[in-house]
Amino acid sequence: MARPVLRWIGYIAGALLVLVLAFAVTVHAVSSARLSRTYEIAAEPVAIPGDSATIARGEHLARSRLGCADCHGPDLAGRPVVESDMFGHFIAPNLTRGEGGLGAQFTDADWIRSVRHGVKRDGRPVVFMPSDEFSRLSEDDLAAVIAFVKQVPPVNGAQPASRLGPIARALVTFNPRMLPAAAIDHTSPIPAAPMAEVSPRYGEYLTNTGGCRGCHGPDLAGAKPMEPGGVPPANLTPGGPLATWTEADFVRALREGVRPDGSALSPSMPWKAMGRMTDLELHALYAYLKSIPPKPGKA
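Residue numbering for the sequence shown follows this note's numbering, beginning at 2 and increasing consecutively.
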C-alpha cells in the first residue's frame with residue numbers, strides 16, 4: 002500500500018511543479034511584452050520658462066509633494082529606491098545633465114512625454130514612477146518642475162537599469178495599469194489648476210497630483226502595502242484616524258512625522274517631503290480630506 006501512495010504523491014508533486022513552472026513562464030512572458038510595448042505619444046507643446054520664479058516653483062514641487070528628490074536623490078543624480086530579490090531592484094535614474102544623465106539627452110518633449118505620459122524616450126513605459134498622477138499637473142506646474150530639473154548642477158554617472166522581481170512581474174501581468182502609461186488617457190488635455198487658496202477644490206488638486214491616491218488607494222480609504230511586510234497606508238477619509246485629528250494635528254504630523262498620540266508615522270510615509278509644502282497647501286489638503294465622504298478602511 003505504501004508504494005501506490007508514494008507514487009500518487011509523486012504524481013501530484015510533479016503536476017504542481019509543472020503548474021508552477023507554467024505560471025512562472027506565463028508571468029515572465031506577459032510582463033516582458035507589456036514592459037517592451039512602445040507608445041507613440043506626440044508631446045504637447047508646453048513653454049518651459051527659465052526665469053528664477055518658475056525655477057523656484059519647480060524646486061518647491063520637486064522637493065515637496067511630487068517627491069522627485071525622494072526617489073532620485075537630493076541632487077537628482079539617481080539612486081536605488083527598492084532593493085528586493087523577490088519584489089525587484091528599482092533604480093531611479095540620473096536626471097541631471099551630467100555624463101550618463103537623462104538631462105544630457107532629453108529635449109523638452111522628452112521631459113513632457115516622460116513626466117506627463119509615463120513614456121521613455123524610446124517609447125517604452127516608465128516603471129515605478131507616478132506619471133498617472135503627474136498627468137494631472139497643470140501646465141504651469143508641469144513647466145515649472147521641468148524648468149527646475151533642466152538647470153540642476155550636472156552629476157556624472159549613469160544608474161543601472163531597474164530589474165523586476167517575480168512579485169513585481171506578477172503585478173504587471175495581472176494588473177497592466179501598474180505601468181503608468183497603461184493607466185493614462187493620453188488624449189486628455191492638460192488640466193487647468195484651480196486657484197491656490199485654502200479650499201477643498203485646491204486640496205483635491207494637490208491630492209490628485211501629489212501621490213496620495215497612489216499609496217492610500219484611489220478612494221483614499223487605505224490600501225495594502227506596496228512592499229511585502231510594509232506598513233499598510235492609512236485610511237485618509239473621515240472614516241479613518243483623521244476623523245479625530247484637528248487641523249493643527251494634521252499639519253504637525255506632516256511637519257514633524259508625529260501623530261496626535263505621540264507615535265511616529267511610518268518611515269514609508271514621505272512626511273518629510275510633504276512637510277515642505279506651504280501652510281496654504283497643507284491647510285487646503287486638510288480641507289479636502291475633511292470634505293470627502295467617510296469610508297471604512299481597507300487595510
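Just so you know, even glycine gets a beta-carbon here, dropped at the ideal spot from N, CA and C.
Note that the structure is predicted; figures quoted are calculated from it, not measured.
How about ASP109 and VAL47: are their beta carbons less than 9 angstroms apart? yes
Evaluate the contact criterion for the region 112-128 versus the region 197-208: three or more CB pairs, one atom per stretch, below 8 angstroms. no
SER267 versus VAL232, GLU140, ARG277 and PRO261, residue with shortest Cα-Cα distance: VAL232
Under the three-state reduction of DSSP, which class applies to VAL47: helix, strand or coil? coil
Under 9 angstroms, do SER65 and ARG277 count as touching if we go by C-beta distance? yes
In whole angstroms, what separates the C-alpha of SER139 from that of MET196? 11 angstroms
Exposed or buried, which one is LYS59 when buried takes at least 16 other CB atoms within 10 Å? Per the sequence shown, residue 59 should be read as Gly rather than Lys. By the neighbour-count rule (16 or more Cβ atoms within 10 Å), GLY59 is buried.
Provide the residue span of the alpha helix (DSSP H) that contains VAL199, from first to last. First-last for VAL199: undefined, no H or E at that position.
C-alpha gap between ALA16 and ILE10, whole angstroms: 10 angstroms
Three Cβ pairs or more, each shorter than 8 angstroms: is that satisfied between the region 169-188 and the region 34-52? yes
Residues near GLU134 in its chain [Cβ-Cβ closer than 8 angstroms; skip 5 each side]: ASN209, THR210, GLY211, GLY212, ARG214 and GLY215
Could you tell me which of LEU243, THR279, PRO234 and ALA254 sits nearest to PRO295, measuring between CA atoms? LEU243
For GLN160, count neighbouring Cβ atoms within 10 angstroms of its own Cβ and tell me buried if that reaches 16, exposed if not. buried
Spatial distance of LYS89 from LEU172 (CA atoms): Per the sequence shown, residue 89 should be read as Gly rather than Lys. Their backbone Cα atoms lie some 11 angstroms apart in a straight line.
Out of MET87, ALA93 and LEU67, state which residue places its alpha-carbon closest to the alpha-carbon of ALA78. ALA93
Within its chain, find whatever has a CB closer than 8 angstroms to the CB of LEU281; leave out the 5 residues flanking it on each side and keep chain order. ALA197, GLU198 and VAL199
Let me see if you follow: with CB-CB separation under 9 angstroms, is VAL26 close to chain D or not? This model lacks chain D altogether, as it is built from one protein chain only.
May I ask which residues mark the beginning and end of the alpha helix (DSSP H) holding ILE56? 53-64
Unbroken beta strand (DSSP E) run spanning HIS187, endpoints: No beta strand (DSSP E) holds HIS187; DSSP gives it neither H nor E.
Return helix, strand or coil for ARG122, following the three-state DSSP convention. coil
Got a sec, what are the start and stop residues for the alpha helix (DSSP H) GLY215 sits in? 213-217
Taking the alpha carbon of ALA63 as the point to measure from, which residue in PRO271, TYR289 and GLY158 has its own alpha carbon closest? PRO271
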